[in-house]
């Protein structure tokens with residue numbers, strides 16, 4: 026499914042075959058992840074722990090399909106860490122692209138994608154410059170096309186019905202000493218009322234009163250001297266309503282107070298201050314990713330058919346291709362990277378179908394283009 030340009034129900038079932046469909050049935054695709062985990066674990070804490078995999082694609086374990094349990098299976102094979110972090114990977118991709126002739130134009134806001142006679146013709150920049158192109162890959166949130174932020178001409182590139190948004194986040198990037206709990210690189214501090222977190226976010230569209238807190242100690246597992254400042258990243262899930270008035274400054278302050286009080290109660294002392302930390306809200310994410318509302322994973326993976334509803338790399342508008350976490354195969358660095366491969370394959374296939382070949386001769390002397 027992940028390797029397909031855009032999976033369909035019929036193609037998916039045909040590829041699986043009868044034996045594969047039997048295995049899929051055992052995974053419980055019609056059940057929610059939370060329901061299926063109830064069949065696997067008697068300890069509610071283990072159920073809560075493995076339900077966290079739903080948030081990998083910005084979804085609620087009460088609404089996402091049980092097939093997301095496969096993420097745990099994949100992680101058992103090992104998790105890769107990129108030297109230099111995500112920024113290092115972006116730099117490596119840029120180096121390879123430049124070697125192949127790519128030119129990067131940073132700080133160049135796209136105003137609209139132009140089309141002429143049913144196909145893409147170029148891109149207008151906010152500066153007034155026009156870049157002619159017969160193929161364009163768009164890697165922003167697909168909702169920006171749907172809302173017409175890149176021109177009415179390209180609205181039809183994605184389905185008109187807006188899908189439910191995935192999770193956003195409230196985050197803190199800090200450089201501070203830590204006290205108490207000995208941290209690993211990745212740490213999750215749960216609350217006892219797990220369901221309330223997702224009810225607050227998806228049903229009430231508000232910051233959770235009792236959030237689960239993810240803490241990434243980016244300098245671990247190295248040994249640090251006592252009292253030494255280290256890079257800490259904290260995240261709590263939030264509703265993707267950064268384009269409205271649903272999240273007030275007062276609500277953000279309250280959530281911050283609850284978050285760090287909860288960590289303190291569990292033995293971890295962190296002291297974010299304006300001098301040592303940077304806070305990012307759903308509003309900030311929305312400004313950075315227009316039309317997203319701050320959703321970090323595109324659409325929510327809710328319901329077993331949701332995997333078939335993401336836009337693919339090709340669009341109804343000839344010459345326009347899509348990539349990024351809001352399109353198939355989904356969010357996360359590996360999946361977004363695969364979406365780039367799918368887009369590149371689609372572009373190369375379109376080039377192959379229209380390329381003019383050098384004149385040659387067939388047996389018998391007939392000249393052909």
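Residue numbers (our numbering): 26 to 394. Beta carbons are placed, not taken as given, at the ideal position from N, Cα and C, and that holds for glycine.
By the three-class DSSP mapping on this structure, what secondary structure does residue 99 have?
helix
Count the CB pairs spanning the stretch 332-344 and the stretch 183-198 that are closer than 8 Å, and state whether there are at least three.
yes
Please list, in chain order, all residues of the same chain as residue 388 whose beta carbon is under 7 Å from its beta carbon, the five residues on each side excluded.
Because residue 388 carries a pLDDT of 43, less than 50, the predicted location of this residue cannot be relied on, and the following value inherits that uncertainty. Nothing listed; no residue qualifies.
Report whether the distance from the Cβ of residue 229 to the nearest heavy atom of the ligand FMN is below 7 Å.
Within the structure as shown, the ligand FMN is missing, as the structure has no ligands at all.
Work out the CA separation of residue 156 and residue 101 for me, nearest whole Å.
46 Å
If we ignore side chains and look at the alpha-carbon of each, how far apart do residue 59 and residue 87 end up?
5 Å
Per DSSP, what kind of secondary structure is residue 229 in: helix, strand or coil?
coil
Using three-state DSSP, classify residue 330 as helix, strand or coil.
coil
Of the listed residues 193, 207, 329, 348, nearest to residue 295 (C-alpha basis):
207
Taking residue 245 and residue 210 to be in contact with their CB atoms under 8 Å, please state how far apart those CB atoms are, rounded to whole angstroms.
4 Å
Burial state of residue 225 (16 or more Cβ within 10 Å)
buried
Inter-residue CB distance, residue 194 and residue 139 (contact presumed, cutoff 8 Å)
Not really, about 35 Å apart at Cβ, beyond 8 Å.
Which residues mark the beginning and the end of the beta strand (DSSP E) in which residue 302 is found?
302-305
For the beta strand (DSSP E) containing residue 121, name the first residue and the last one.
Counting along the chain, residue 121 falls outside any beta strand (DSSP E), though it belongs to the alpha helix (DSSP H) covering 110-124.
From 47, 72, 282, 228, pick the residue whose C-alpha is nearest to that of residue 217; which is it?
72
Going by DSSP in three states, residue 393 sits in which element: helix, strand or coil?
Model confidence at residue 393 stands at a pLDDT of 47, short of 50, so the residue's coordinates are unreliable; what they give is reported in the following sentence. If DSSP states are grouped into helix, strand and coil, residue 393 belongs with the strands.
Note down the Cα distance separating residue 333 from residue 355, rounded to an integer number of angstroms.
11 Å
If you count every other CB in all the chains shown that lies within 10 Å of the CB of residue 128, and 16 or more means buried, which is it?
exposed
Start-to-end residues for the alpha helix (DSSP H) that takes in residue 280
274-290
Beta-carbon contacts of residue 336 that lie in its chain and below 6 Å, excluding the five residues immediately before and after
167, 183, 347, 352
Hey, quick one: how far does the alpha helix (DSSP H) through residue 76 stretch, first residue to last?
69-76
Go ahead and pull the three-state DSSP assignment for residue 51.
helix
At which residues does the beta strand (DSSP E) containing residue 234 begin and terminate?
Run containing residue 234: none; DSSP gives neither H nor E here.
Do you know offhand how far residue 328's Cα is from residue 288's?
33 Å
Does the contact criterion of 3 or more C-beta pairs under 8 Å hold for the stretch 316-326 versus the stretch 258-278?
yes
DSSP three-state call for residue 380: helix, strand or coil?
Note on residue 380: pLDDT 49, under 50, position unreliable in the model; the coordinate value appears next. Of the three classes helix, strand and coil, the one that applies to residue 380 here is coil, per DSSP.
In angstroms, rounded to a whole number, what distance separates the CA positions of residue 33 and residue 202?
50 Å
Identify, in the order they occur along the chain, each residue of the same chain with its Cβ nearer than 6 Å to the Cβ of residue 297, setting aside the five sequence neighbours on each side.
197, 199
Using the Cβ count rule (16 or more neighbours within 10 Å means buried), how would you classify residue 247?
exposed
Output yes or no for whether 8 Å exceeds the beta carbon distance between residue 365 and residue 323.
no
Where does residue 217 sit, in a helix, a strand or coil, going by DSSP?
coil
Within the stretch 161-223, note down every full alpha helix (DSSP H) run reaching 4 residues or more, in order along the chain.
167-171, 219-223
Can you check which of these residues, 233, 254, 374, is closest to residue 242 by C-alpha distance?
254
Let me confirm a value: residue 188 is counted as buried when at least 16 other C-beta atoms fall within 10 Å, else exposed. Which label applies?
buried
From which residue to which residue does the beta strand (DSSP E) around residue 65 run?
No beta strand (DSSP E) contains residue 65, which is instead part of the alpha helix (DSSP H) from 58-65.
Bridge partner(s) assigned by DSSP for residue 262
194
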